[in-house]
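Numbering (our numbering), first residue to last: 871 to 1030.
Glycine included, C-beta positions come from ideal geometry on N, C-alpha and C.
No experiment lies behind these values; they were computed from the predicted model shown.
First the structure, in the form of structure tokens, and then the observations on it.
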Ligand code: PNS
């Protein structure tokens, strides 16, 4: 039986930290779905379709394995998507204790809702300080975000 996992997130925009976690997860599971999900607690910068396109370009440019697909979900719970595609595991990157505190309640709720387990991966420490919100702020103020994001993202943000 093939083991299907989902890497969910806002990906607004995808960062080098996200790509690192996606690449590691793709090496562990048979099938990996990278899922752009609307986070009701955040004000979005990029339209969801643009986030999907940038993820697809970045994954291709990074030469990540072919068992990765990118899609979006906006019609219900994250675990509803997991049930629909037969995924039993969510994968999240953990950079710090702040991430542990943020992710733990969601992991427990997702397990209670549908029996979907969450696996936490430790990313490359070089990306430990990289976040989409930092990238959005630096970009909005005219700074160089190229050290933190895939080249497709820095090229796109430069046009904004
Ligand atoms: O990248 P983010 O913003 O930290 O990702 C958070 C996200 C989108 C994964 C989270 O907000 C989420 O799971 N939203 C879907 C709604 C849902 O299923 N909520 C209940 C379980 S937490």
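CB of residue 972 within 8 Å of CB of residue 885, strictly: What you label residue 972 is simply residue 102 of the chain shown in a count that begins at 1. What you label residue 885 is simply residue 15 of the chain shown in a count that begins at 1. No, these two residues do not count as a Cβ contact at 8 Å.
Cβ neighbour criterion (16 or more within 10 Å) applied to residue 951: Here residue 951 corresponds to residue number 81 of the chain shown, with the count starting at 1. Answer is buried; the Cβ neighbour count reaches 16.
6 Å CB neighbourhood of residue 939 in its chain, flanking five on each side removed: On the chain shown, position 69 is the one that residue 939 refers to. Taken in chain order, the residues that qualify are 903.
Check: residue 922 C-beta below 7 Å from any heavy atom of the ligand PNS: Taking the chain shown and counting its residues from 1, the one referred to as residue 922 is at position 52. The answer is no for residue 922.
The ligand PNS heavy atom lying under 7 Å from the CB of residue 893: As a working note, residue 893 is residue 23 in the chain shown. The answer is no for residue 893.
Same chain, Cβ closer than 6 Å to residue 893, five either side skipped, listed in chain order: What you label residue 893 is simply residue 23 of the chain shown in a count that begins at 1. Excluding sequence neighbours, residue 893 sits near 934.
Beta strand (DSSP E) runs wholly inside the segment 928-977, at least 3 long, in chain order: 938-943 and 959-963
Sequence-distant residues of the same chain with beta carbon closer than 6 Å to residue 1016, five excluded per side: To locate residue 1016, count along the chain shown from 1; it is residue 146. The residues are 1024.
Spatial distance of residue 1026 from residue 1012 (CA atoms): Along the chain shown, one-based indexing puts residue 1026 at 156. Along the chain shown, one-based indexing puts residue 1012 at 142. If you take the alpha carbons of residue 1026 and residue 1012, they lie about 13 Å apart.
Cross-strand partners of residue 924 (DSSP beta bridge): What you label residue 924 is simply residue 54 of the chain shown in a count that begins at 1. Answer is none; residue 924 lacks a bridge partner.
Cβ-heavy atom distance, residue 880 to the ligand PNS, below 7 Å: Looking up residue 880 in the chain shown gives position 10. At least one heavy atom of the ligand PNS is nearer than 7 Å to the Cβ of residue 880, so yes.
Alpha-carbon to alpha-carbon, residue 1010 and residue 960: The count along the chain shown starts at 1 and reaches residue 960 at position 90. The count along the chain shown starts at 1 and reaches residue 1010 at position 140. Taking the straight line joining both Cα atoms gives about 31 Å.
Best match in 872, 883 and 905 for proximity to residue 1007 [C-alpha to C-alpha]: Looking up residue 1007 in the chain shown gives position 137. Nearest option by C-alpha distance: 883.
Under the three-state DSSP convention, the category residue 1023 falls into: Here the question's residue 1023 lines up with position 153 in the chain shown. Looking at residue 1023 - three-state DSSP - the assignment turns out to be helix.
Of the residues 916, 946 and 901, the one placed nearest residue 1030, counting alpha carbons only: Taking the chain shown and counting its residues from 1, the one referred to as residue 1030 is at position 160. Per the Cα distances, 916.
Straight-line Cα distance separating residue 911 from residue 991: For this step, residue 991 is matched to residue 121 along the chain shown. For this step, residue 911 is matched to residue 41 along the chain shown. When rounded, the distance between both Cα atoms is 23 Å.
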